[in-house]
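Asker:
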Amino acid sequence: MPNKYKIKKGLDIKLLGEAEKVIKDFQSDYYALKPTDFHGVFPKMLVGEGDKVKAGSPVFYDKYRDETIFTSPVSGTIEEVRRGPKRLLMEIRIKADTEIEYEDFGSTDPGMLSREKIIEKMLKSGVWPMIRQRPYSVIANPKDTPKAIFISGFDSSPLAPDFDLIVHGHGKEFQAGLDTLRKLTDGKLHLNIEDVEGQSKVFLNSKNVELNAFSGPHPAGNISTQVQLIDPVNKGDVVWYLRPQEVISIGTLFLEGKFDAKRIVALTGSEVLKTGYLKTHTGACIEKMVDGNTTGIKKRYISGNVLTGAKIERNGFISFYDSQITVIPEGDEYEFFGWAAPGLKKYSFYNAFLSKIFPGKKYRLNTNLHGGERAYVLTGQYEKVFPMDIYPMQLLKAIMTEDIDMMEQLGIYEIDEEDFALCEYIDVSKTDMQSIVREGINLMRKEME
Amino acid sequence: MKGLRKFIDKIKPQFEKGGRFEKLHSTFEAFETFLFVPNTVTKKGSHIRDAMDMKRTMAIVVLAMVPPLLFGIWNVGYQHYLANAMQPDFWPMVWYGFLKVFPIIVVSYVTGLAIEFAFAQSRGHEVNEGFLVSGMLIPLVMPPDVPLWMVAVATAFAVIIGKEVFGGTGMNILNPALTARAFLFFAYPRHMSGDDVWIAGMPDQLPDGVTGATPLGEALAGKTEGMAHIMEPGYVWDMFWGGIPGSIGETSVIAILLGAIVLLITGIGSWRIMLSVLVGSISMGLIFNAIGATPYMQVPFWQHLIMGGFAFGLVYMATDPVTASQTQRGKYIYGFLIGFIAILIRVFNPGYPEGMMLAILLMNVFAPLIDYYVLEGNIKKRLKRVNHAVESAK
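In order, the protein sequence lines correspond to chains E and B.
My numbering runs 7 ahead of the 1-based position in the first sequence.
Quick note on numbering: my numbering labels position 254 of the second sequence as 241, and the sequence is numbered without any gaps.
1) With 8 Å as the limit, tell me which residues of the stretch 339 to 354 of chain E have their beta carbon closer than that to any beta carbon of chain B; keep them in chain order.
2) Quick one: grab the DSSP three-state call for M52 (chain B).
3) With DSSP as the reference, label Q1 (chain B) as helix, strand or coil.
4) Please classify K51 (chain E) as buried or exposed, where buried requires at least 16 other C-beta atoms within 10 Å of its C-beta.
5) Relative to the alpha-carbon of G204 (chain B), which residue among B:G64, B:R333, B:I(-2), B:F170 has its alpha-carbon at the smallest distance?
6) Taking 8 Å as the threshold (C-beta atoms), are D183 (chain B) and G199 (chain B) in contact?
7) Residues bridged to K318 (chain E) by DSSP?
8) Go ahead and label P130 (chain B) buried or exposed: buried means 16 or more other beta carbons lie within 10 angstroms of its beta carbon, across all protein chains shown.
9) On the DSSP bridge list, what partners appear for S222 (chain E)?
10) Under DSSP, the beta strand (DSSP E) around V88 (chain E) begins and ends at which residues?
11) List the residues of chain E whose Cβ lies closer than 8 Å to the Cβ of I248 (chain B), in chain order.
12) Can you give me the C-alpha to C-alpha distance between P142 (chain E) and T75 (chain E), rounded to a whole angstrom?
13) Please return the same chain residues whose Cβ sits closer than 7 Å to the Cβ of G223 (chain E), not counting the five positions on each side in sequence.
14) Would A187 (chain B) and A167 (chain B) qualify as a contact pair, given that the criterion is a beta-carbon distance under 8 Å?
15) Here's a check: name, in chain order, each residue in its chain whose Cβ is nearer than 8 Å to the Cβ of T457 (chain E), leaving out the five neighbours to either side.
16) Do V392 (chain E) and M41 (chain B) have their CB atoms nearer than 8 Å?
17) Considering only heavy atoms of the ligand GTP, does any lie closer than 7 Å to the CB of R381 (chain E)?
18) Run through chain E and tell me which residues come within less than 7 Å of A376 (chain B), C-beta to C-beta.
19) Measuring straight from C-alpha to C-alpha, what distance separates A298 (chain B) and L196 (chain E)?
20) Cβ of F413 (chain B) less than 8 Å from any chain E Cβ?
21) Assuming D32 (chain E) is part of the beta strand (DSSP E), what are its boundary residues?
22) Could you please give the first and the last residue of the uninterrupted alpha helix (DSSP H) stretch that includes H197 (chain E)?
23) Anyone know if the C-beta pair for G122 (chain B) and G99 (chain B) falls short of 8 Å?
24) Ignoring anything shorter than 3 residues, give me the beta strand (DSSP E) runs that lie fully in the stretch 36 to 63 of chain E, in order along the chain.
25) Decide if the stretch 47 to 66 of chain E is in contact with the stretch 95 to 103 of chain E; the criterion is three or more beta carbon pairs, one per stretch, under 8 Å apart.
26) Which residue wins for smallest C-alpha separation from L57 (chain B), given the options B:G230, B:A277, B:P308?
27) Helix, strand or coil for L348 (chain B) per DSSP?
28) Where DSSP assigns a beta bridge to C5 (chain E), which residues make up the other side?
29) Would you say Q401 (chain E) reaches chain B, if we count a Cβ-Cβ gap shorter than 8 Å as a contact?
30) What separation, rounded to the nearest whole angstrom, lies between the Cα atoms of L314 (chain E) and A62 (chain E)?
31) Report, in whole angstroms, the separation of the C-beta atoms of V114 (chain B) and Y341 (chain E), which I expect to be a contact under 8 Å.
32) Within the stretch 88 to 161 of chain B, note down every full beta strand (DSSP E) run reaching 3 residues or more, in order along the chain.
33) Residues of chain E with CB under 9 Å from F23 (chain B), in chain order?
34) Using a C-beta to C-beta distance shorter than 7 Å, which residues of chain B count as neighbours of S64 (chain E)?
35) Who are the Cβ neighbours of R89 (chain E) in its own chain at under 6 Å, not counting the five residues just before and after it?
36) Closer than 7 Å between beta carbons: that is the criterion. Which residues of the stretch 428 to 444 of chain E meet it against chain B?
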């Protein structure tokens, strides 16, 4: 029987465009590694344009932690190394072969290997960056021993992919991944699932894990929310975390000896004509997914969900950690006396719109900011969607004033920017809280490391 | 609407940087965003944002003030004709009240917004909507016969000294509207207290049975007949529905309750503060009832809730999120102390009949301290967790 946890505070934003539960194969011509997906990584290239790579061949490494290697998700040719302003490395585009060739890392039972050998193999093959850590929500430091490892088995964000469906039929790889992770910590290995009937057998039959079941609105699926309730991060603590598909990739590495970057991605959003799940690889180009499959208006393509995802182009690439694409309308239109309208078609957290009469309704929301940036005036609102024992407003203000001591005292080690996404969404002052939080985390990391 | 939009887009460049009216940029922006919600889209962070913004938030607070305002307009006329021993129809009373109240509103808004616009421009900010609320609160806490120049001076004082010197909207320590009222109370006490200011156009000789005194004034005088009067059931009912002399918006508890409902349903007014102010005042009232040493102490505890500016302060002033405690736990302490101290000042202090105003201002000053201790609690808890972890590791 799993340990049960109930989340009370939060918000489920009901959007149109949930993914239909059908999985199809999808092959893209292009894949990309985006160094910008990895916070705090300073990329150094290991290949050049025109070089041939296999799935699992090293592409770049982190200058500050040169053991952390990033490898190609597919086999093919390095087509282009795109740089942005100040020569910042933006994308490494790979033209994929029709048939994927894999680097051979040798299949071994993780149970027979030492912790050091396991880590070495994970680093070399490129699955290591799939493990992230608190504090700072960056790629785990292989030199640390975490006090616990957490796997969030469900995503509660808007239109989120259904991991139950995704892991279906991958029980063997999943268990192999768990067995591997088991050896990386002396503490507990937590698998956190949604507290609903009919959970996937893959999750329920998992061995060597502590099973926890969560219920309640978003952000019940966020790692921080779960960690704080199960085993909070204190100063000096390190915990590692990952998602189910990443566990499967790790499992496949040990079972089959290859770097398998397979990802089942949910194609969602009100502007997608035919939603569904697509079986592809990390970093796939979305062009062929959305071409001829979206409405004719001006749209925004998002890798991830509407709260925390990254804006990408129509021919952009899925980010490393994402298993969702969302397409919603751009909202770059003026609205006459919009702030005074009764608001039958507008969705709001506040009871100040007529739409509240229909609580079950789903909405087609666009990217309009709905107002201008203002000073913080309201108080006590953010707390309603923030289930952690942290004072969100006070922590934000500590970050804004760069008060390192206060940031530490108010719990910055326990959070990630995604935890402030709902606060940002309901903020009537329209501030960009997630980037404020990320700056604070980066500052803290610079101070401490 | 398209024509208007086109016109705005046409003149907009002149107000941008380098344009002819660059100095009026904030003003232009304020009017533009008043007419049209901007076409700005999200650039960072969450791609979708709530439909609620600061304008709607403030508009709802203003909406919540409409019942006491409308009632106040009528009551100013009603009290005037009552004092002059006339009994006209409904509309003449409203008209008289309107002529008295409307100029006060205009003066308050014009003075305040002019200063706000000037500060926004000089700081290169957008104009914050906060004054839409303050500009309406100030008239509602004024006596009906207040000279207009005093309203202007008080508003200017409140906006500049009460708000802008601290950094503008969101940074102020004291509630601006109460600052305005307190400023007048101490600078021009003859116009803000006593028995002669609460009825507009008061004749020298009041008819029999009519008094210019507010219930608080009568109670403070401490005379037995005054005490007996405010405890008569008929007069208690008057205090509740509001047909008595007093500041423009404060007299009708019913109208204020309507406003409270709006604030509570929308969640903009904090129920924590409202509830704890009630609890605080009832506690103090019950203590006084138990002692009962003076006639004022014997006023039933519940009657304090409908006297004077208590209800108005509770609903519209104590709940001001900027000047109240910002932590949820702090709000309980903050509210309780306001209620407790308000009744204490009322009963004990012979100089200031309106204890609510001073209690809120006092707690405005202490709100950051309350928050400090609430945060300390959270910090200590976190530290304790570390120490516990270290202990158990040994």
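Note that the Cβ used here is the ideal one computed from N, Cα and C, for glycine as well.
Answerer: Inspection of the coordinates gives the following:
1) If the cut-off is 8 Å between Cβ atoms, the stretch 339 to 354 of chain E has D339, E340, Y341, E342, F343, F344, G345, W346, A347, G350, K353, Y354 near chain B.
2) helix
3) Looking at Q1 (chain B) - three-state DSSP - the assignment turns out to be helix.
4) With fewer than 16 other Cβ atoms within 10 Å, it is exposed.
5) B:R333
6) Contact flag set, yes.
7) E:I309
8) buried
9) E:K13
10) 83 to 90
11) Those do not exist, as I248 (chain B) stays about 11 Å from chain E at its closest Cβ, beyond 8 Å.
12) 18 Å
13) K13, I14, K15, G17
14) It is not a contact, given that the beta carbons lie outside the stated cut-off.
15) This structure cannot speak to residue 457 (chain E), because chain E is shown only from 8 to 456.
16) V392 (chain E) places its beta carbon 8 Å or farther from that of M41 (chain B).
17) The model on display carries no ligand, and the ligand GTP is accordingly not part of it.
18) Neighbours of A376 (chain B) on chain E, chain order: N241.
19) The C-alpha of L196 (chain E) is placed about 55 Å away from the C-alpha of A298 (chain B).
20) Past the boundaries of the shown model lies residue 413 (chain B); chain B is included only from -12 to 381, so the question cannot be answered.
21) DSSP places D32 (chain E) in the uninterrupted beta strand (DSSP E) bounded by 30 to 32.
22) Judged by DSSP secondary structure, H197 (chain E) falls outside any alpha helix (DSSP H) and instead within the beta strand (DSSP E) spanning 195 to 201.
23) yes
24) Correct list: 37 to 40, 50 to 52.
25) yes
26) B:G230
27) helix
28) Outside the displayed range of chain E (8 to 456) lies residue 5 (chain E), so it cannot be described from this structure.
29) yes
30) Approximately 31 Å between the Cα atoms of the pair.
31) Contact between V114 (chain B) and Y341 (chain E) does not hold, since the beta-carbon distance rounds to 18 Å and is not under 8 Å.
32) Runs of the beta strand (DSSP E) inside the stretch 88 to 161 of chain B: none found.
33) Per Cβ cutoff of 9 Å: Y341, E342, F343, F344, G345.
34) Within chain B, no residue comes near S64 (chain E); the closest Cβ sits about 34 Å away, beyond 7 Å.
35) M97, E98
36) Taking 7 Å as the Cβ-Cβ cut-off, the stretch 428 to 444 of chain E approaches chain B at A428, E431, Y432, I433, V435, S436, K437, D439, M440, Q441, S442, given in chain order.
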